[in-house]
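Numbering-wise, the sequence shown is residues 24 to 364 according to this note's numbering.
Notes for the one structure printed next.
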Amino acid sequence: MNIHNKTIVTFGEIMLRLRSPARELLFQSPVLEAVFGGSEANVAVSIAVLGGRSVYVTALPSNAVGDAAVRTLRSYGVDVRAYRTEGRMGIYYLESGACQRPSQVIYDRDGSCFAVSEPGKYDWDALFADAGWFHLSGITPAVSQCACDCAFAAVSAAAKSRAVVSLDLNYRSKLWRYGKSALDVIRGLARSADVLMANEEDIQDCLGISLNDRLHPDEAYRELCGKVKEQFPNVRIVAVTLRGSYSADRNGWSAVLSGENGYYQSRQYDIENIVERVGAGDSFAAALICALTEKNDERQALEFAAAASCLKHSIAGDFNLATKEQVCALMNGNGTARIQR
């Protein structure tokens, strides 16, 4: 994918994230930590931190909260193209899990500026004038009918500009409340995608394609990727993340990729004492995009993405702030976490 030095555009909703401190339950104490996050925003930040040219398109309220979100994104090097209007920002509440207690997310996104913004509010042709890549998650069309319409408009404009289109399926069962199903909508978007990213549950819920658990895992995932490509012949690359969740504090992490040049499986990471797993999939997407835009080496791109997303588990907040040098160090075998002097 020869698009080196081209702009990478993402489109989605950034939210105010309110989290209970440490590993407390929500409202166990009268304090909530406030930061910003959202799937495509997370990808945009990680791309910028890794050295890519990152443009983030969204809708934000014309108030101090919207201003703070813009400042935050720009502080990491993201070029923010926001439609500003009266209204509110979406919110999500996060209760971090511990031991065998899982994390919990509560959404408060109905009626947000992003949720009610229509496709005509964005100048798609201008936004994609210098774009080499466009990234979208399956969360965006799940927010509302307006957001769904915008997602299709964005993908259409990206395809018109000949940008590579990537789609992270990202099924969220607590969304999809406006009358359409993920299966119908995401399959439509997938028909315009060049690169698909997901886990096996996302592929089942969004594409209706199941993993054959009677096969050996290696063969099962190879077959799963093949089925995706068979049903969506436009898709050139399928990347599937594999998480083994032993507890909220310890996970196994790896990924597979079926590309244009072969099928690959990444190194397996055993991640202990997890700081935060929110945003790990987004960091995988960002790193994969960056690696594929720099050089067309699918195996190395997969290893880079797996290492980057492994490091995200050690970083609090939605954003992966691991640098390219840190990712390469882990990717090349320096996983001891000894002090760098």
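Heads up, the beta-carbon is just placed ideally off N, CA and C, and yes, glycines get one too.
The criterion of a C-beta distance shorter than 8 Å is satisfied by G302 and D341. Assignment of L315 by DSSP, reduced to helix, strand and coil, places it in the helix class.
For the pair I70 and G282, the Cα-to-Cα distance works out to about 21 Å. For N65, the uninterrupted alpha helix (DSSP H) run begins and ends at S62 to V72, by DSSP. Within its own chain, the residues whose Cβ lies closer than 7 Å to the Cβ of T30, once the five positions on either side in sequence are excluded, are R76, V78, D153, A154 and G155, listed in chain order. One thing to note: I260 has its Cβ no nearer than 8 Å to the Cβ of N274.
Ranking V88, A182, P84 and E56 by CA distance to the CA of R107 puts P84 first. If you ignore the 5 residues before and after R124, its C-beta comes within less than 8 Å of the C-beta of A271, all in its own chain and listed in chain order. In this structure, Q254 lies away from S277, with their beta-carbon atoms at least 8 Å apart. Burial state of K183 is exposed, judged by a 10 Å Cβ sphere holding fewer than 16 other Cβ atoms. Per DSSP, reduced to three states, the secondary structure at W147 is helical.
Taking a 10 Å sphere around the C-beta of V54, we find fewer than 16 other C-beta atoms and assign the residue as exposed. At a Cβ-Cβ threshold of 8 Å, F151 and A181 count as neighbours.
Residue S119 holds the alpha-carbon nearest to the alpha-carbon of E299 among G35, S119 and D207. In this chain, the alpha helix (DSSP H) harbouring F175 covers Q168 to K183. Annotated three-state conformation of Y244 is helix, per DSSP. Using a Cβ distance threshold of 8 Å, N65 and D305 count as a contacting pair. Judged by DSSP in its simplified three-state form, S306 adopts helix. At a Cβ-Cβ threshold of 8 Å, L311 and A328 count as neighbours. By the neighbour-count criterion, in which a residue is buried when 16 or more other Cβ atoms sit within 10 angstroms of its Cβ, D228 is buried. Exposure of N284 is indicated by the presence of fewer than 16 other C-beta atoms within 10 angstroms of its C-beta. By DSSP's assignment, Y201 forms no beta bridge with any residue. For the set R185, Y130, R104 and Y116, the Cα lying nearest the Cα of Y145 is the one of R104. With respect to E63, P44 sits apart: the two C-beta atoms are not nearer than 8 Å. In the three-state scheme derived from DSSP, where H, G and I count as helix and E and B as strand, I31 is classed as strand. The alpha carbon of I226 has as its nearest neighbour, out of H239, A309, Y244 and L238, the alpha carbon of Y244.
In terms of CA proximity to L315, V188 leads the group V188, T163 and D172. In this structure E317 is buried. Its beta-carbon is surrounded by 16 or more other beta-carbon atoms within 10 angstroms.
About 15 Å separates the beta carbons of V258 and V279, which is beyond the 8 Å limit, so they are not a contact pair. Counting only the Cα atoms, R195 lies some 13 Å from V208.
If you draw a 10 Å sphere on the C-beta of L117, you find 16 or more other C-beta atoms in it, and that means buried.
Assignment of L230 by DSSP, reduced to helix, strand and coil, places it in the helix class. By DSSP's assignment, G267 forms a beta bridge with G275. Below 8 Å, too few C-beta pairs join the region 168–177 and the region 89–101 to call them touching: fewer than three.
A check of alpha carbon separations from A186 across C351, L48, V32 and I37 identifies V32 as the nearest. Under a 10 Å Cβ-count criterion, G89 is classified as buried, with 16 or more other Cβ atoms of the shown protein chains found around its own Cβ.
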